[in-house]
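Take a look at the structure set out below.
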Amino acid sequence: MRDVVLFIAMSLDGYIAATDGGIDWLGGQDAGANDAASYERFIAGVSDIVMGYTTYHQLTTELMPGAWPYAAQKTHVLTHRALEAGQAGVAFSSEPMEALIRRLKQEASGEVWICGGASVVKQCMRLGLIDRYHINVLPTIRGAGIRLFDGLDAPIPLQLISTESYNGIVDLVYSVR
């Protein structure tokens, strides 16, 4: 069985996006430094990506229009919208999230990445679907925005696997105990 991993960046005070969903504040302390080293290692082991429609729409219209960043992976976009096939390797799914992720876990391949957004992440956390948390803590205090860890029904006990720091960013990797 393969792992389901949340890989996400957050501010020091726990926000993953501005109130309007913007992420232009993401990055380390020195502009131009390589902030993607841990991401590059991570994505090399990912075969499937699960995201919500809002994240998909933001990627395709705002962040990377015309250049799908996950061509090497199969992307599952959770939505109740009736949509035509989009990018190659992208499947729109109205399958219940828990059923989709449990099915993907059974397939023989690389890791499953829970990419976002906040609603998808929080539902996965509440349902106990995440095996490993890979959190990039950025050197920014936002003070407001979309929080990562609010609204949980119960604590999630974790075990620290590793830490790494670069350009003011601290990577924290935990598995579920």
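So the sequence shown is numbered by my numbering: it starts at 417 and just counts up by one. Ideal Cβ positions, reconstructed from N, Cα and C, are used throughout, including at glycine.
Item: Could you check if ALA597 is buried or exposed, using at least 16 other CB atoms within 10 Å of its CB as the buried criterion?; Value: Residue 597 cannot be examined here, being either before or after the span of the chain that is shown, 417 to 593.
Item: Whole angstroms are fine: how far does the CA of LEU576 sit from the CA of LEU543?; Value: 21 Å
Item: Starting from GLN474 and walking both ways along the alpha helix (DSSP H), at which residues does that stretch end?; Value: 469–474
Item: Give, in chain order, every unbroken run of the alpha helix (DSSP H) that is at least 4 residues long and sits entirely within the stretch 419–491.; Value: 453–459 and 469–474
Item: Report buried or exposed for ALA433, applying the criterion of at least 16 other Cβ atoms within 10 angstroms of its Cβ.; Value: buried
Item: What residues are listed by DSSP as bridge partners for ILE562?; Value: ALA433
Item: Report the three-state DSSP secondary structure of ALA515 (helix, strand or coil).; Value: helix
Item: Using the beta-carbon count (16 or more within 10 Å), is ILE546 buried or exposed?; Value: buried
Item: Can you pull the DSSP bridge partners for HIS550?; Value: PHE423 and VAL589
Item: Does DSSP put SER509 in a helix, in a strand, or in coil?; Value: strand
Item: GLN445: which of LEU479, ALA534 and SER581 sits nearest, CA to CA?; Value: SER581
Item: Considering only the alpha carbon of each residue, which of LEU442, LEU568, SER463 and GLY584 lies closest to LEU520?; Value: SER463
Item: Given TRP484, which residues of its chain have a CB within under 6 Å of its CB, disregarding the five upstream and five downstream residues?; Value: GLN503
Item: What's the C-alpha gap between ILE562 and GLY437?; Value: 7 Å
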